[in-house]
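> Sharing a structure with you now.
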């Protein structure tokens with residue numbers, strides 16, 4: 001009897017495993033079906049003719065038609081924020097307008113970035129030119145200072161040699177004068 005009970009339990013376990021496998025299989029098949037349905041709907045929604053057939057042509061919406069008939073240059077104007085204010089029914093029109101707006105934003109950002117880069121480069125060049133000019137002026141100042149110092153030394157040497165020669169001449173003149181006076185004094189002494 002226990003042997004029969006064991007067989008019954010084994011069959012019951014096998015049935016449970018079969019049921020689990022079947023439910024897993026069903027879930028897997030269901031997920032694949034849903035995935036395929038999503039892919040099909042994406043493909044169909046990407047087709048303009050299908051969207052027009054299902055939802056009707058976008059020309060039935062007059063505000064969207066007016067917005068789309070405006071010149072492209074005004075799409076980003078504050079009064080006509082088409083993508084933010086109202087969703088276009090046609091995905092292709094929405095994508096076109098959104099792409100245009102994103103392109104315009106990118107172009108504006110590129111212009112702003114280019115201006116900022118230009119300003120930064122101009123400032124760097126200005127600072128570099130200022131530093132070069134300052135170094136040049138400092139070099140010229142040092143050169144003029146050296147020249148002036150050398151001129152002062154030469155002037156000092158010239159004055160020194162002039163004074164030395166003048167003192168020597170004066171000394172020689174004094175010696176000669178003293179000799180003359182001494183010789184005239186001796187002569188006078190002898191004459192008297």
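Numbering (UniProt numbering), first residue to last: 1 to 192. We put the beta carbon where it would ideally sit given N, CA and C, even for glycine.
1) Please report the straight-line C-alpha distance between residue 156 and residue 144, rounded to a whole angstrom.
2) Assign residue 18 to one of two classes, buried (16 or more other C-beta atoms within 10 Å of its C-beta) or exposed (fewer than that).
3) Output yes or no for whether 9 Å exceeds the beta carbon distance between residue 41 and residue 91.
4) Can you grab the Cα-Cα spacing for the pair residue 32 / residue 25, in whole Å?
5) Using a 10 Å radius around the Cβ and a threshold of 16 neighbouring Cβ atoms, would you call residue 113 buried or exposed?
6) For residue 161, name the three-state secondary structure that DSSP assigns.
7) Looking only at its own chain, which residues have a Cβ that is under 8 Å from the Cβ of residue 164, when we skip the five neighbours before and after it?
8) Give the single residue among 35, 37, 94 and 124 whose Cα lies nearest to the Cα of residue 48.
9) Note down the Cα distance separating residue 183 from residue 174, rounded to an integer number of angstroms.
10) Would you identify the three-state DSSP class for residue 47, choosing helix, strand or coil?
Judging by the given coordinates:
1) 18 Å
2) exposed
3) No, the pair does not count as a contact, with Cβ atoms beyond the cut-off.
4) 11 Å
5) exposed
6) Reduced to three states, the DSSP call for residue 161 is helix.
7) Correct list: empty, nothing qualifies.
8) Nearest option by C-alpha distance: 94.
9) 14 Å
10) coil
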